[in-house]
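Residue numbers (our numbering): 221 to 445.
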């Protein structure tokens, strides 16, 4: 451990106070979610009722899962919606828990990246890790937590982070699978393919990998009418 990595008493106190503040922030968010979570369909979520009726008749129809909602193809989120209906009677309980779990895992990934970054010292890594957790579980994102329909919003961001990380760690196939899931989670998931191509070029990966990413991302261009 270098001198830059050592954390003095003053920094320990500051980090402890920072951590306590972040924990209080996260605790207040969880309390607000418990008090204010929506248990009935809200706004766009009402559109899912007609989809559920059709799914009850023929849930294996590809066109049913491909169906567009505004500008989005919600094939992946609909798995969550369907599970909530069958397991919890459509009360959004599973969706709210999924939103919290996704954001918690996203925070873990970001914190892990910060703590393992060889460029920054341990003090900066701990600061970023705490800040990442406080950000992803902040009450500023309360709408994403209390409204189950927001599962696609938090999920597409997690998938983008994981896909980018997979490509950086030279796992292009995993990155492509995650990017495909992102594409059919929200419309903005299509942008992830551009990010991956630029990332592959920036890291001077073989042209066959760059070409494969370009080719794999083309179907996403047909998501919109």
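Where is the CB? At the ideal position from N, CA and C, for every residue including glycine.
Asked: Alpha-carbon to alpha-carbon, residue 230 and residue 257; Found: 40 Å
Asked: Buried or exposed by the 16-neighbour rule on C-beta atoms within 10 Å, applied to residue 255; Found: exposed
Asked: DSSP state of residue 287 mapped onto helix, strand, coil; Found: coil
Asked: Reduced DSSP category for residue 298 - H, G, I as helix; E, B as strand; rest coil; Found: helix
Asked: Close beta carbons around residue 358, own chain, < 7 Å, minus the five adjacent residues each side; Found: 245 and 249
Asked: Length at least 4, wholly inside the stretch 403–431: the alpha helix (DSSP H) runs in chain order; Found: 411–422
Asked: Close-in-space but distant-in-sequence residues of the same chain around residue 201 (CB under 8 Å, 5 per side omitted); Found: Only positions 221 to 445 of the chain appear in the structure, and residue 201 is not among them; the question remains open.
Asked: DSSP-derived helix/strand/coil call for residue 230; Found: helix
Asked: Option in 412, 233 and 266 with minimal Cα separation from residue 312; Found: 266
Asked: Cβ pair residue 374, residue 322 closer than 8 Å; Found: yes
Asked: Backbone secondary structure at residue 293 - three-state DSSP; Found: strand
Asked: Neighbourhood of residue 429 by C-beta, 6 Å cutoff - its chain only, sequence neighbours within 5 removed; Found: 392 and 420
Asked: Option nearest residue 260 by Cα separation, candidates 368, 296, 384 and 382; Found: 368
Asked: Extent of the continuous alpha helix (DSSP H) run through residue 339; Found: Premise fails: residue 339 is in no alpha helix (DSSP H) and is neither H nor E.
Asked: Beta-carbon proximity check, residue 301 vs residue 268, cutoff 8 Å; Found: yes
Asked: Proximity below 8 Å, CB of residue 277 to CB of residue 404; Found: no
Asked: Spatial distance of residue 262 from residue 418 (CA atoms); Found: 38 Å
Asked: Burial state of residue 435, where buried means 16 or more other Cβ atoms lie within 10 Å; Found: exposed
Asked: Buried or exposed (CB count within 10 angstroms, at least 16 for buried), residue 349; Found: buried
Asked: Under 8 Å between C-beta atoms of residue 347 and residue 272; Found: no
Asked: For residue 162, the three-state DSSP class (helix, strand or coil); Found: Absent from the structure is residue 162, since the part of the chain shown begins at 221 and ends at 445.
Asked: Distance, residue 386 Cα to residue 422 Cα; Found: 15 Å
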